[in-house]
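> As given, the protein sequences belong to chains V and D, one line each in that order. If you read the first sequence in my numbering, its first letter stands for residue 68, the second for the next number, and so on. If you read the second sequence in my numbering, its first letter stands for residue 68, the second for the next number, and so on. No residue lacks a Cβ here, since even glycine has one placed at the ideal position from N, Cα and C. Okay, handing you the structure first.
Number of protein chains: 2
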Amino acid sequence: MRKPKIPEAAIKRLPVYLRVLEETAAAEIQIISSAELADKTGFSPEQIRKDLAYFGAFGTRGVGYDTILLSRRIARILGLHQGVHAALVGAGHLGYALARYSISRHKDVRITAIFDTDPAKIGTEIMGVTIRPMADLRQAVKDQNIKIGILTVPATEAQAAAEQLQEGGVEAILNFAPAKLRLGPNVFVQNIDLTIELQSLAYYTSASEEAAAQVVEETSSSIDS
Amino acid sequence: MRKPKIPEAAIKRLPVYLRVLEETAAAEIQIISSAELADKTGFSPEQIRKDLAYFGAFGTRGVGYDTILLSRRIARILGLHQGVHAALVGAGHLGYALARYSISRHKDVRITAIFDTDPAKIGTEIMGVTIRPMADLRQAVKDQNIKIGILTVPATEAQAAAEQLQEGGVEAILNFAPAKLRLGPNVFVQNIDLTIELQSLAYYTSASEEAAAQVVEETSSSIDS
């Protein structure tokens, strides 16, 4: 089910377009120009046209996009039109935050099963979803037709948990554990590593030596020229 | 302090290299080949060479990279060699999870100030860091030389909080609020939107219509050929 042809970055922008289109449609505005869509999403009109062209021609030149038609189309492209079930593995602080957030707000991707190893947590609920033992995971994923797994377990437990998700039939995993998962080619893995996010952010501050070096370099070249 | 020349994707890979190099150096292994670095990070040797070339030539052809020298160099490039202070705004479930995680593990990027609007939370501590009122934010960011802001506030409060971080002198923001921030050019913003992560992940499952369409397409072309 993997589709390598379309860049991941383009896929990541589709939900952003979707959100703006749905908001615009909800305000009973039928047409949005690519300039407006660009302003509201922060992406350039060229980028938007290019992204949407991957899925066929959309919109009318000089007019814009039909908000309802395009939002429906993007929802179908993403597979959100019929709702997607997700399983959360690891009900620690981050897992708890994600579960509360997802269960309360997402209608299209919804956490319908939660698993943890801690006997004290098993049997308790997060927003109406009961935390179950890891031993139930594989069968529950199959029974509930769960397609997405969210891993918020310690790094040492990530690989084993991911394998169980895979065996249950999960096709995509959002991995928050700082561990590189080794799975079969039919499981798409998206890593979100908060340490890496914070460390790479430091590059954009004056703490970075590279920043200082480039300032020097730019100064030198302006003296030379 | 923004450096647009090097792709963001390359900057995101640097902390991954750093982690592997530090682990390898800690195991008292002096040299790592680009093949080993590739295997442990999941990126291709070509990608690694290309990324490191942005910062000058590293490594010795046919030998590899000096683990200590390269890890030090990457730390300096990222600005992690001297430690970077971060402020967390919003001590809800996600904020709490991030604060606990960051304060306990990160030595190089460290949350040293936490802010919230809730009077019940103000004055309480997360891992030894006291939660303060929003009114203290600007001055505290200045006084503590905080360069990074982490926003875990509701979407409606994100812009105002971001502006206060900017006025205090923050240079980079990790924004978890589902809101597009409008700030000056000297503040780098990295958005992590969990709704978008989950929605885009659905594309890689069989729930996506595009997946089904491409399977049909591939089948047709193999019949044609």
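Out of V:160, V:181, V:152, state which residue places its alpha-carbon closest to the alpha-carbon of residue 174 of chain V.
Within the first sequence, the letter at position 107 stands for residue 174 of chain V. Of the listed residues, the one whose Cα sits closest to residue 174 of chain V is V:152.
> Could you say if the stretch 250 to 261 of chain D and the stretch 136 to 143 of chain V meet the contact criterion of at least three C-beta pairs nearer than 8 Å?
Judged by Cβ distances under 8 Å, the stretch 250 to 261 of chain D makes no contact with the stretch 136 to 143 of chain V, as fewer than three pairs qualify.
> Would you say residue 226 of chain D reaches chain V, if we count a Cβ-Cβ gap shorter than 8 Å as a contact?
The sequence position of residue 226 of chain D within the second sequence is 159, counting from 1. Not an interface residue.
> Could you tell me whether the stretch 190 to 198 of chain V touches the stretch 207 to 214 of chain V, using the rule of 3 or more Cβ pairs below 8 Å?
They do not touch, by the three-pair rule.
> Can a CB atom of chain V be found closer than 8 Å to the CB of residue 131 of chain D?
As a position in the second sequence, residue 131 of chain D is number 64, starting the count at 1. False, the Cβ-Cβ gap to chain V never drops below 8 Å.
> Assuming the contact rule is C-beta atoms closer than 8 Å, residue 176 of chain D and residue 269 of chain V should be a hit. Round their C-beta distance to whole Å, please.
Residue 176 of chain D sits at position 109 when you count from the first residue of the second sequence. Residue 269 of chain V sits at position 202 when you count from the first residue of the first sequence. With 8 Å as the limit, residue 176 of chain D and residue 269 of chain V qualify as a contact, their Cβ atoms being about 6 Å apart.
> When you compare the CB of residue 276 of chain D with every CB in chain V, is at least one pair closer than 8 Å?
Residue mapping note: residue 276 of chain D aligns to position 209 of the second sequence, counting from 1. Closer than 8 Å: yes.
> Quick check: what's the CA-CA separation for residue 186 of chain D versus residue 204 of chain D?
To locate residue 186 of chain D, count along the second sequence from 1; it is residue 119. To locate residue 204 of chain D, count along the second sequence from 1; it is residue 137. Roughly 15 Å between the two C-alpha positions.
> Here's the rule I'm using: 16 or more other beta-carbon atoms within 10 Å means buried, otherwise exposed. How should residue 123 of chain D be labelled?
Walking along the second sequence from the start, residue 123 of chain D turns up at place 56. That one is exposed.
> Around the Cβ of residue 206 of chain D, are there at least 16 other Cβ atoms within 10 angstroms (buried) or fewer (exposed)?
Along the second sequence, one-based indexing puts residue 206 of chain D at 139. Classification for residue 206 of chain D: exposed.
> Would you say residue 39 of chain D faces chain V, with C-beta separation under 8 Å as the test?
Since the first and last residues shown for chain D are 68 and 292, residue 39 of chain D lies out of range.
> Measuring only from the beta carbon, is residue 106 of chain D closer than 7 Å to any heavy atom that is part of the ligand NAP?
Looking for the ligand NAP in the displayed structure turns up nothing, as the structure carries no ligands at all.
> Helix, strand or coil: which one does DSSP assign to residue 286 of chain D?
Within the second sequence, numbered from 1, the residue matching residue 286 of chain D stands at position 219. Confidence at residue 286 of chain D is low in this model, with a pLDDT of 38, below 50, so its placement is unreliable and no value can be given for it.
> Would you list the one or two residues that DSSP bridges to residue 132 of chain V?
The residue you call residue 132 of chain V lines up with position 65 of the first sequence. For residue 132 of chain V, which the question treats as bridged, DSSP gives the partners V:99.
> What residues in the stretch 74 to 90 of chain V bring their beta carbon closer than 9 Å to a beta carbon of chain D?
For the stretch 74 to 90 of chain V, which is checked against every Cβ of chain D, the residues closer than 9 Å are 75, 76, 78, 79, 80, 81, 82, 83, 85, 86.
> Kindly list the residues whose CB is nearer than 8 Å to the CB of residue 171 of chain V, restricted to its own chain and excluding five residues on each side of it in sequence; keep chain order.
As a working mapping, residue 171 of chain V is identified with position 104 in the first sequence. Around residue 171 of chain V: 194.
> Which of the three DSSP states, helix, strand or coil, is assigned to residue 259 of chain D?
Reading the second sequence from its first residue, position 192 is the one you call residue 259 of chain D. If DSSP states are grouped into helix, strand and coil, residue 259 of chain D belongs with coil.
> Looking at the strands, I want to know which residues DSSP matches up with residue 192 of chain V.
Here residue 192 of chain V corresponds to residue number 125 of the first sequence, with the count starting at 1. Beta-bridge pairing links residue 192 of chain V to V:197.
> Distance check for residue 104 of chain V and residue 84 of chain V, CA to CA, integer angstroms please.
Reading the first sequence from its first residue, position 17 is the one you call residue 84 of chain V. Reading the first sequence from its first residue, position 37 is the one you call residue 104 of chain V. Answer to the nearest angstrom: the Cα atoms are 7 Å apart.
> Does the Cβ of residue 231 of chain D have 16 or more other Cβ atoms within 10 Å, making it buried, or fewer, making it exposed?
The sequence position of residue 231 of chain D within the second sequence is 164, counting from 1. Counting Cβ neighbours within 10 Å, residue 231 of chain D comes out buried, since at least 16 surround it.
> Please state whether DSSP places residue 216 of chain V in a helix, a strand or coil.
In the first sequence, counting from the first residue as 1, residue 216 of chain V sits at position 149. The answer is strand: DSSP assigns residue 216 of chain V an E or B state.
> Let me confirm a value: residue 217 of chain V is counted as buried when at least 16 other C-beta atoms fall within 10 Å, else exposed. Which label applies?
Within the first sequence, residue 217 of chain V is the residue found at index 150, counting from 1. By the 10 Å Cβ count, residue 217 of chain V comes out buried.
> Closest Cβ-Cβ distance between residue 139 of chain V and chain D: below 8 Å?
Here residue 139 of chain V refers to the residue found at position 72 when the first sequence is read from its first residue. Closer than 8 Å: no.
> Return the first residue and the last residue of the alpha helix (DSSP H) that residue 232 of chain V is part of.
Position 165 of the first sequence, counted from the start, is the residue given in the question as residue 232 of chain V. Segment 222 to 235, the alpha helix (DSSP H) holding residue 232 of chain V.
> When you compare each of D:244, D:184, D:87 to residue 264 of chain D by their alpha carbons, which one comes out closest?
Here residue 264 of chain D refers to the residue found at position 197 when the second sequence is read from its first residue. The residue with the shortest Cα to Cα distance from residue 264 of chain D is D:244.
> If the cut is a Cβ gap below 7 Å, which residues of chain V does residue 175 of chain D touch?
Taking the first residue of the second sequence as 1, we reach residue 175 of chain D at position 108. Here the neighbours are 266.
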